[in-house]
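Input: a single structure, listed below in structure tokens.
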Amino acid sequence: MNDRPWRPVGLSEAARLEAPIYPAVTVSMPHVQVYTNADREMADVVRGAYAPRVGRPEAVRIMALPDGALVHGQAQFLLSVGDALVEEQIPPHWRADQGGTLPPRRALPEPNEVDGDVMLIARFGCRTWGHWLGELLPKIAVCEWHFPNRYFYALPQEAIDVERSGVIAMRIRESLAAYGVPMGRILPLSGQLYRFSRLFAMTGVWTDRMMHPQVMATLQATARLPHAASAEKIRRVALLRGDNDRRQMANADAVKACLRARDYSILDIADLNFTDQISVFAQARSIFSILGSSLSGLIYADEGVDVIAAAPARFADRFFYALMQAKGARYAEVRGPVAGEPLPMYRDSAFEVPIADLEAALAALS
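Under the working numbering, the first residue of the sequence shown is numbered 164, with each subsequent residue one higher.
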């Protein structure tokens with residue numbers, strides 16, 4: 164048994180070779196918020212989070228790991244090389260700077276041997292749509308654009324198992340197909356240990372709190388969409404979800420009535436297949452959504468799109484605001500009080516949307 168601690172290292176230190184894909188760039192990130200009903204305390208938080216700034220996303224590189232690199236399927240798909248544990252694969256709640264601790268190094272089981280060129284995509288958060296669409300699928304799109312048909316992609320078995328994961332697994336499969344990746348080139352990882360002869364990993368496509376603009380351009384330009392020139396275009400859309408009970412609007416019927424009165428089409432985003440979701444974002448000039456993963460599709464939105472997001476009063480998220488900045492969007496947010504007792508994870512609490520404030524947000528964008 165080996166109880167010595169792991170030695171956390173960055174991917175660059177663990178790798179034996181690297182290939183540059185996109186260089187580091189400097190990007191102006193403007194202030195795009197035009198309305199908020201946040202109270203004074205929360206408005207100060209929002210003002211700091213949404214301030215204009217200069218973004219400096221890092222270079223995007225493909226890294227070749229040494230022969231014998233291990234992926235620990237039983238431990239959140241940790242990646243190790245000898246006694247080194249690659250930091251990019253460590254879940255945030257295990258990191259020392261977040262108050263966590265790494266699992267101890269112990270005697271490892273006999274690994275499954277894997278040959279061939281494999282790109283590691285499996286990671287914590289893989290079954291969360293925002294992480295998948297904003298951080299992980301982009302790596303596959305970039306690989307397929309620059310090195311078509313070269314790699315097998317290592318993904319969690321659970322992420323593509325429709326029987327176990329339902330809608331999210333279907334959408335992940337559809338998104339892979341949209342970038343020309345058949346299931347035959349997916350290497351499903353389960354709760355075992357895997358040793359690779361030729362394992363590759365890509366550095367983060369989301370650094371300095373934004374997606375690298377060339378990665379976003381690749382995602383938009385290379386998706387394989389069905390031709391539907393005759394389809395009716397939806398210019399104003401409210402994207403709601405019926406597949407989960409988190410962060411829901413307690414007065415959803417009143418919100419829908421307000422939006423319908425202003426010619427918004429109400430869509431359940433989870434009911435749409437992946438290419439239909441892309442089409443909706445690409446066509447829409449104005450989008451309403453609960454603040455959260457339904458807004459991940461802003462990657463595919465046109466420049467200058469209007470966005471209205473509703474959220475519990477004390478919840479904010481810069482992830483989606485960065486997408487709006489990249490699109491030169493106009494953003495209005497409506498916050499509302501939690502309905503009943505807040506959940507332990509406050510951001511998941513049901514909340515009321517003040518209709519008068521929603522009307523004010525719509526007016527600010529009209």
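Just so you know, even glycine gets a beta-carbon here, dropped at the ideal spot from N, CA and C.
Hey, could you find the ends of the alpha helix (DSSP H) residue i is sitting in?
{"i": "R336", "result": "330 to 341"}
{"i": "M508", "result": "It is not in any alpha helix (DSSP H) - M508 carries neither H nor E in the DSSP assignment."}
{"i": "H309", "result": "300 to 309"}
{"i": "I323", "result": "320 to 323"}
{"i": "A415", "result": "415 to 423"}
{"i": "R210", "result": "203 to 212"}
{"i": "E176", "result": "174 to 177"}
Just to confirm, is the Cβ distance from residue i to residue j under 8 Å?
{"i": "D403", "j": "D431", "result": "The sequence shown places Leu at residue 403, not Asp. Contact: yes."}
{"i": "V443", "j": "L454", "result": "no"}
{"i": "A282", "j": "A317", "result": "What sits at residue 282 in the sequence shown is Met, not Ala. Going by C-beta atoms, M282 is nearer than 8 Å to A317."}
{"i": "S529", "j": "T291", "result": "no"}
{"i": "P475", "j": "R498", "result": "yes"}
{"i": "I471", "j": "L486", "result": "no"}
{"i": "D469", "j": "A492", "result": "yes"}
{"i": "L248", "j": "R170", "result": "yes"}
{"i": "D253", "j": "I284", "result": "Per the sequence shown, residue 253 should be read as Ile rather than Asp. Taking 8 Å as the Cβ cut-off, I253 and I284 do not qualify as a contacting pair."}
{"i": "V197", "j": "Y494", "result": "yes"}
{"i": "A513", "j": "F451", "result": "no"}
{"i": "A380", "j": "V209", "result": "no"}
{"i": "H235", "j": "L422", "result": "no"}
{"i": "K396", "j": "Q446", "result": "yes"}
Around the Cβ of residue i, are there at least 16 other Cβ atoms within 10 angstroms (buried) or fewer (exposed)?
{"i": "E325", "result": "Per the sequence presented here, residue 325 reads as Val, with Glu not at that position. Looking at its Cβ environment, which holds fewer than 16 other Cβ atoms inside 10 Å, V325 is exposed."}
{"i": "M373", "result": "buried"}
{"i": "N200", "result": "buried"}
{"i": "Q261", "result": "exposed"}
{"i": "L339", "result": "buried"}
{"i": "G460", "result": "buried"}
{"i": "G297", "result": "buried"}
{"i": "P507", "result": "exposed"}
{"i": "E307", "result": "buried"}
{"i": "G211", "result": "exposed"}
To the nearest angstrom, how far is it from the Cα of residue i to the Cα of residue j?
{"i": "L228", "j": "R179", "result": "6 Å"}
{"i": "V368", "j": "R224", "result": "9 Å"}
{"i": "R398", "j": "E276", "result": "51 Å"}
{"i": "F482", "j": "Y213", "result": "10 Å"}
{"i": "F363", "j": "T370", "result": "19 Å"}
{"i": "I331", "j": "D230", "result": "33 Å"}
{"i": "R313", "j": "H294", "result": "24 Å"}
{"i": "A270", "j": "P168", "result": "13 Å"}
{"i": "I441", "j": "I335", "result": "13 Å"}
{"i": "P517", "j": "D416", "result": "12 Å"}
{"i": "E534", "j": "Y509", "result": "An answer regarding residue 534 cannot be provided, because it is not within the stretch 164 to 529 covered by the chain."}
{"i": "E515", "j": "G173", "result": "43 Å"}
{"i": "L352", "j": "Q320", "result": "5 Å"}
{"i": "K419", "j": "G263", "result": "42 Å"}
Leaving out the 5 sequence neighbours to the left and right, which residues in its chain are closer than 7 Å to residue i when beta-carbon positions are compared?
{"i": "Q488", "result": "M192, P193, V195"}
{"i": "P215", "result": "M192, P193, H194"}
{"i": "A238", "result": "P266"}
{"i": "Q377", "result": "Y185"}
What is the residue span of the beta strand (DSSP E) that residue i lies within?
{"i": "L402", "result": "399 to 403"}
{"i": "I518", "result": "Note, I518: premise wrong, no beta strand (DSSP E); alpha helix (DSSP H) at 518 to 528."}
{"i": "F359", "result": "356 to 365"}
{"i": "D439", "result": "D439 -> not in any beta strand (DSSP E); alpha helix (DSSP H) instead, spanning 437 to 446."}
{"i": "V244", "result": "241 to 244"}
{"i": "Y198", "result": "196 to 199"}
{"i": "F451", "result": "449 to 453"}
Is the CB of residue i under 8 Å away from at least one CB in chain D?
{"i": "H309", "result": "The question asks about chain D, but that chain is absent: this structure has only one protein chain."}
For residue i, which residues of its own chain have a beta-carbon under 8 Å away from its beta-carbon, when the five flanking residues on both sides are left out?
{"i": "A386", "result": "A304, A341, Y342, T438, I441, Y463"}
Could you pull out every residue in the same chain whose Cβ sits closer than 6 Å to the Cβ of residue i, ignoring the five residues on either side in sequence?
{"i": "G245", "result": "none"}
{"i": "D278", "result": "S360"}
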